[in-house]
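Worksheet for the structure shown next.
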């Protein structure tokens, strides 16, 4: 049986970005159909570390990240719940003088982009966090960064979009999509055919495939973050914590569990099957104990992974198609899309409705991976 | 090169498999969490606390001793006190007396056994409340009772057995509350006669309880504990009838559930079993899982009891031997298969006599903790279903934390699924099952 829908906008992918886009588009009065192969917010949006962080990002990401940060404060009014967002601050630790020099330079550079970071010396960092191990020689604090529960945020956006009138189709795998010169036609499992003026590709690790269908092939790779959590422990880690190099990151949730990640799990995207790797888990455990010796002996109760799209320059792809009108892509968040997701949704809605966005997204254009296309365009 | 064969679990199934393989010239690795072989049913006390087999195992003493001695003189790489906490493809992650290590295998027999199945009831998280199996282990391994005045509640063949064992050991058993009615059991009696000896044993336990004047109340529709810090009394109801029994400890259990996490991590296919309302790894008639190098035997892949586990353990070893091109004993296999078929018929009658009382879930109050590890109440779960539109077990887990704690859902997933299906008014087999995640049991940060 064939079911035909004719919305203004079709969205492939129900992560935070896709659901936030659906919600924003509905608020601007457009009709939306969103399709996800599984459940909304259950992919990278739901299995990531849960960092809501601007510190450490590539400088060109800061305008988008700053816009997103403001939305995180407004989640209750926007989607009806706070997603356990807490502005706990984010501390980036230096484990060498080279690291510290890096943090100092980043703080100076980021100040030009409006990000207020506080550098902390070797004594002060231990005064602030007496539980840190000896390898830590300094830190940089972004007091306004924080953390949230990734399992709650994506679904909350999906429900808000649905309440606003978006047609959210879960367990609906998109099989093909095409453009007839006028409209897009998306065919999904179960006989669903969606014909729309606009198409937004926010399919996460699978977005490269969708881009390929339209000649927008991008050099996307797959990341499989290796995540681990301990049993609940007395609360003492009051900040979200990262390190220079990014090989270990951790936070302690209100309930007391310490969530930490580092290294890569195993995954086969064709099978849609991913698993933590013991080597990665043990590697991050060793680094965790180096940072916070008191965690030695705590019990690990769970580990998990998921698929995330990764670009060679570690920057997402956000913007219009190189080949077709009214086709937008946003993917390849390279392990830091959770914080950005809410703003990406708004930006996408602006690109559809207004044809432009005031947020600077130039650095994310698809053209950067097609120098010939770019230069040709310049000449023309 | 010889096949690297690993057996997980040294209960009746794992021991029989190991013996069969060793006698066929292999040196299997036999991994077990316990200190000594025997599994839960034939659990041996720790060294220094031994007692006579008759006192420990009653009617089953001869079988228990046979299992304990089955590996004597055989060359087996036996690794007690070792936990398999993760498995992927052909590698196991172990932690035990030798520390953490990885173990590669060519073929794997999973004889992972079972644990009690729980249904939350008011007071079930109080100290002094044990599972039925836990009550039995306290008696068998430690030689102690769970309380001075004990009530056993729930259902299943273990219920009268444990009550009888406690009474026989001199403990005061205040009552037995069975959610299965006398009429239900009577209806199942013809099927139980498939194995007359086992049926007679069940009747004997009940008769012994009656002889000692222990009230056995059948067809109970629910129970709750009184007491803030420990159980003081248990109240029960049956239709409009109610009762109250003073006690200081409760052993509660509702049949058994297979330990299937490793099978899940290994990618075995699962199917929902309507009779027992559980998800089980699928296996063919010869004990092969969906993955051809993986084998399943014993209660870890469907509850059938210790006798069946012994037969299945040996059977699956023969299957494995056949699969690697070794000669097999066809006559012996036919005997094993006939025995297993007979027990399977008996087992269906047991399930009919002691049906899993899923009706009890409807009465769970909103304040009741369902997931003990994470402190998730029924009301919190209901919120996820009604407000956050959780329609499936992994969504329910993601939103509520049910099954995210130390036990990884081993104790609460059944109740979570029953509640989810009750609130959504759909069959419990349609709400999915929790995805397994390593570690199967907690492992230290070290």
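Residue numbers (this note's numbering), protein chains in the order written: chain X, 1 to 380; chain U, 1 to 446.
Positions of the beta carbon are idealized from the N, C-alpha and C atoms, including for glycine.
Hey, could you find the ends of the alpha helix (DSSP H) residue i is sitting in?
i, result
"residue 355 of chain U", "Residue 355 of chain U -> no alpha helix (DSSP H), and no H or E assigned at all."
"residue 212 of chain X", "207-213"
"residue 280 of chain X", "278-291"
Going by CA-CA distance only, name the one from the options that's closest to residue i.
i, options, result
"residue 335 of chain U", "U:325, U:308 and U:357", "U:308"
"residue 223 of chain X", "X:186, X:196 and X:261", "X:261"
"residue 259 of chain X", "X:121, X:150 and X:64", "X:150"
"residue 333 of chain U", "U:311, U:342 and U:343", "U:311"
"residue 243 of chain U", "U:184, U:175 and U:313", "U:175"
"residue 8 of chain X", "X:16, X:14 and X:28", "X:28"
"residue 465 of chain U", "U:416, U:441, U:438 and U:436", "Any property of residue 465 of chain U remains undetermined from this structure, which presents chain U solely from 1 to 446."
"residue 70 of chain U", "U:42, U:88 and U:426", "U:42"
"residue 54 of chain X", "X:66, X:44 and X:70", "X:66"
"residue 309 of chain X", "X:180, X:112, X:45 and X:352", "X:45"
"residue 337 of chain X", "X:37, X:51, X:31 and X:173", "X:51"
"residue 93 of chain X", "X:134, X:84, X:304 and X:353", "X:134"
"residue 153 of chain U", "U:370, U:168 and U:357", "U:357"
"residue 145 of chain X", "X:180, X:179 and X:241", "X:241"
"residue 186 of chain X", "X:365, X:351, X:327 and X:16", "X:327"
"residue 224 of chain U", "U:12, U:178, U:234 and U:215", "U:234"
"residue 166 of chain X", "X:314, X:36, X:26 and X:152", "X:26"
"residue 379 of chain U", "U:392, U:394, U:373 and U:402", "U:402"
"residue 220 of chain U", "U:214, U:135 and U:238", "U:238"
When we look at the beta-carbon of residue i and count the other beta-carbons within 10 Å, is it buried (16 or more) or exposed?
i, result
"residue 319 of chain X", "buried"
"residue 144 of chain U", "exposed"
"residue 123 of chain X", "exposed"
"residue 317 of chain U", "buried"
"residue 325 of chain X", "exposed"
"residue 6 of chain X", "exposed"
"residue 387 of chain U", "exposed"
"residue 270 of chain X", "exposed"
"residue 182 of chain X", "exposed"
"residue 400 of chain U", "buried"
"residue 220 of chain X", "buried"
"residue 46 of chain U", "exposed"
"residue 155 of chain U", "buried"
So what does residue i bridge to, in DSSP terms?
i, result
"residue 251 of chain U", "U:130 and U:152"
"residue 16 of chain X", "Residue 16 of chain X pairs with nothing; no bridge assigned."
"residue 243 of chain U", "U:236"
"residue 142 of chain X", "X:90"
"residue 320 of chain U", "Note: residue 320 of chain U sits in no beta bridge, so no partner."
"residue 49 of chain X", "BP columns for residue 49 of chain X are empty, so no partner."
"residue 35 of chain X", "X:12 and X:169"
"residue 331 of chain X", "X:317"
"residue 200 of chain X", "X:11 and X:328"
Can you give the Cα-Cα distance for residue i and residue j, rounded to whole angstroms?
i, j, result
"residue 431 of chain U", "residue 171 of chain X", "14 angstroms"
"residue 243 of chain X", "residue 33 of chain X", "40 angstroms"
"residue 380 of chain X", "residue 175 of chain X", "Confidence is the limiting factor: at residue 380 of chain X the pLDDT is only 33, short of 50, which leaves the residue's position unreliable, though a coordinate-based value still follows. About 36 angstroms."
"residue 36 of chain U", "residue 102 of chain U", "22 angstroms"
"residue 317 of chain X", "residue 348 of chain X", "12 angstroms"
"residue 68 of chain X", "residue 248 of chain X", "24 angstroms"
"residue 22 of chain U", "residue 302 of chain U", "26 angstroms"
"residue 212 of chain X", "residue 218 of chain X", "8 angstroms"
"residue 367 of chain U", "residue 47 of chain X", "29 angstroms"
"residue 293 of chain X", "residue 132 of chain X", "7 angstroms"
"residue 377 of chain X", "residue 276 of chain X", "Note that residue 377 of chain X scores 46 on pLDDT, short of 50, meaning its location in the model is unreliable and no value can be drawn from it."
"residue 275 of chain U", "residue 162 of chain U", "24 angstroms"
"residue 424 of chain U", "residue 118 of chain U", "21 angstroms"
"residue 350 of chain U", "residue 385 of chain U", "34 angstroms"
"residue 205 of chain U", "residue 298 of chain U", "24 angstroms"
For the beta strand (DSSP E) that contains residue i, what are its first and last residues?
i, result
"residue 422 of chain U", "Careful: residue 422 of chain U lies outside any beta strand (DSSP E), inside the alpha helix (DSSP H) at 413-424."
"residue 84 of chain U", "83-88"
"residue 296 of chain U", "294-296"
"residue 304 of chain X", "299-304"
"residue 450 of chain U", "This structure leaves residue 450 of chain U out entirely; chain U is present only between 1 and 446."
"residue 268 of chain X", "266-268"
"residue 394 of chain U", "It is not in any beta strand (DSSP E) - residue 394 of chain U instead sits in the alpha helix (DSSP H) that spans 393-400."
"residue 369 of chain X", "That residue, residue 369 of chain X, is in no beta strand (DSSP E); it is neither H nor E in DSSP."
Hey, is residue i's beta-carbon within less than 8 angstroms of any beta-carbon in chain A?
i, result
"residue 281 of chain U", "No chain A is part of this structure, whose protein chains are labelled X and U."
Cβ of residue i versus every heavy atom of the ligand NAD: is any distance shorter than 7 angstroms?
i, result
"residue 30 of chain X", "For the structure depicted, the ligand NAD is absent and the ligand set is empty, with no information on it obtainable."
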